[in-house]
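Protein chains in written order, with the working numbering: chain A, 1 to 114; chain B, 115 to 229.
Printed below as a string of structure tokens:
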């Protein structure tokens, strides 16, 4: 248990569906992140939120829409996805300006787009 | 651009020592992390180096040479549970934007520990 939870753990959706991924951190952190992890590829940073404000959008297609209503919750809204979007989506949190500033990861949502 | 290289796979024997290397070419280096990720689980923090030298933490040690763009993770007294993917990640300097903790990851090294 890292203090970061993600739901659902597995998701299968069609290309015309709309779904949302949820992340919650119980660590009192002030920064949250979405990453995409595909087989044989590095973890790719998608979005960064600091103090609920989006500070990084790593050229992510608009079919992925993040939302951060407060510093403990982060959502990733999905619509009209493509099969190549199938991957493990990881959420992470950290404390900005902490000594190590390490990120704590959730277990991820395994997404399959049919 | 940012580039981080680490071997794709390694195999070692239980009780042995293994060294996983990571080389990087990045702009604005501000520290290097090692994470461990078991299949189907979250990556978990192992170590952080920002200055040159060796950091030791139990059976795990991590080394950094900033001038060479090189780090390694050393695992001693290997156990079967050490079979996992080991991720090298560079923290980029974000002084102007204050953009938090932007990390660039390598592809990970899949370590298999055998009897």
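Heads up, the beta-carbon is just placed ideally off N, CA and C, and yes, glycines get one too.
Discussion item. In the DSSP output, what is residue 110 of chain A paired with across the bridge?
Written reply: In the first chain, counting from the first residue as 1, residue 110 of chain A sits at position 110. According to DSSP, which records beta bridges pairwise, residue 110 of chain A is partnered with A:10, A:88.
Worksheet item: So the beta strand (DSSP E) residue 198 of chain B belongs to, where does it begin and stop?
Response: By one-based count along the second chain, residue 198 of chain B stands at place 84. Annotation for residue 198 of chain B: the continuous beta strand (DSSP E) segment containing it runs 198–206.
Fill in: Local Cβ density within 10 Å of residue 69 of chain A, reported as buried at 16 or more and exposed below that
Stepping through the first chain from its first residue, residue 69 of chain A is reached at position 69. With fewer than 16 Cβ atoms within 10 Å of its Cβ, residue 69 of chain A is classed as exposed.
Worksheet item: How would you write the range of the beta strand (DSSP E) that residue 119 of chain B sits in, first residue to last?
Response: Locating residue 119 of chain B in the second chain gives position 5, where the first residue counts as 1. First-last of the beta strand (DSSP E) with residue 119 of chain B: 117–119.
Item to complete: Flag this pair as touching only if the segment 17–33 of chain A and the segment 89–106 of chain A have three or more C-beta atom pairs under 8 angstroms; answer yes or no.
Response: At 8 angstroms Cβ cutoff, the stretches touch.
Item to complete: Note the first and the last residue of the continuous beta strand (DSSP E) segment covering residue 219 of chain B.
Response: In the second chain, residue 219 of chain B corresponds to position 105, counting from 1. Residues 217–219.
Worksheet item: Within 8 angstroms (strictly less), CB to CB, does residue 45 of chain A reach chain B?
Response: For the purposes of this step, residue 45 of chain A is identified with residue 45 of the first chain, where counting begins at 1. Yes, because at least one Cβ of chain B sits closer than 8 angstroms to the Cβ of residue 45 of chain A.
Worksheet item: Is the CB-CB distance between residue 215 of chain B and residue 207 of chain B below 8 angstroms?
Response: Translated into the one-based positions of the second chain, residue 215 of chain B becomes position 101. Translated into the one-based positions of the second chain, residue 207 of chain B becomes position 93. Against a cut-off of 8 angstroms, the Cβ pair of residue 207 of chain B and residue 215 of chain B comes out as no contact.
Practice prompt. Under the assumption that residue 91 of chain A contacts residue 74 of chain A (Cβ atoms under 8 angstroms), give the Cβ distance between them as a whole number of angstroms.
Written response: Position 91 of the first chain holds residue 91 of chain A. Position 74 of the first chain holds residue 74 of chain A. Confirmed, Cβ separation roughly 6 angstroms.
Worksheet item: Taking just the CA atoms, how far does residue 139 of chain B sit from residue 19 of chain A?
Response: Here residue 19 of chain A is taken as the residue at index 19 of the first chain, counted from 1. Here residue 139 of chain B is taken as the residue at index 25 of the second chain, counted from 1. If you draw a straight line from the Cα of residue 19 of chain A to the Cα of residue 139 of chain B, it is about 37 angstroms long.
Worksheet item: Along the segment 185–203 of chain B, what residues have a CB closer than 9 angstroms to any CB found in chain A?
Response: 201, 203
Worksheet item: Near residue 51 of chain A, which residues of its chain fall below 7 angstroms by C-beta distance, leaving aside the five closest residues on each side in sequence?
Response: In the first chain, the residue the question calls residue 51 of chain A occupies position 51. The answer, listed in chain order, is 30, 71.
Discussion item. Counting only Cβ pairs nearer than 7 angstroms, list the residues of chain B close to residue 2 of chain A.
Written reply: Translated into positions along the first chain, residue 2 of chain A becomes position 2. The contacting residues are 156, 158.
Fill in: Member of B:119, B:163, B:166 whose CA lies at the smallest distance from the CA of residue 134 of chain B
Sequence index remark: in the second chain, residue 134 of chain B carries index 20 (1-based). Taking only the C-alpha atoms, the option nearest residue 134 of chain B is B:119.
Worksheet item: Name the chain B residues that come within less than 7 angstroms of residue 105 of chain A, Cβ to Cβ?
Response: Here residue 105 of chain A corresponds to residue number 105 of the first chain, with the count starting at 1. Correct list: 156, 157.
Worksheet item: By the 10 Å Cβ neighbour count, where 16 or more other Cβ atoms means buried, how is residue 151 of chain B classified, buried or exposed?
Response: Reading the second chain from its first residue, position 37 is the one you call residue 151 of chain B. Buried.
Discussion item. Could you tell me which whole beta strand (DSSP E) segments of length 3 or greater appear in the segment 163–197 of chain B?
Written reply: Counting only runs of 3 or more, we get 167–171, 174–179, 184–189.
Worksheet item: Which same chain residues, not among the five before or five after residue 230 of chain B, have their C-beta less than 6 angstroms away from its C-beta?
Response: This structure cannot settle anything about residue 230 of chain B, because the visible part of chain B is limited to 115 through 229.
Worksheet item: Between the Cα of residue 63 of chain A and the Cα atoms of A:36, A:76, A:10, which residue gives the shortest distance?
Response: Sequence index remark: in the first chain, residue 63 of chain A carries index 63 (1-based). Distance check between residue 63 of chain A and each of A:36, A:76, A:10 places A:76 closest, using alpha-carbon atoms only.
Worksheet entry | Residues sharing a beta bridge with residue 65 of chain A, DSSP | Here residue 65 of chain A refers to the residue found at position 65 of the first chain. In the DSSP output, where bridge partners are listed per residue, residue 65 of chain A has A:77.
Discussion item. Checking 8 angstroms against the spacing of the C-beta atoms, do residue 201 of chain B and residue 131 of chain B come in under that value?
Written reply: Reading the second chain from its first residue, position 87 is the one you call residue 201 of chain B. Reading the second chain from its first residue, position 17 is the one you call residue 131 of chain B. No.
Fill in: Proximity to residue 15 of chain A [Cα-Cα], best of A:80, A:87, A:85
If you number the first chain from 1, residue 15 of chain A lands on position 15. Comparing Cα-Cα distances from residue 15 of chain A to each of A:80, A:87, A:85, the minimum goes to A:80.
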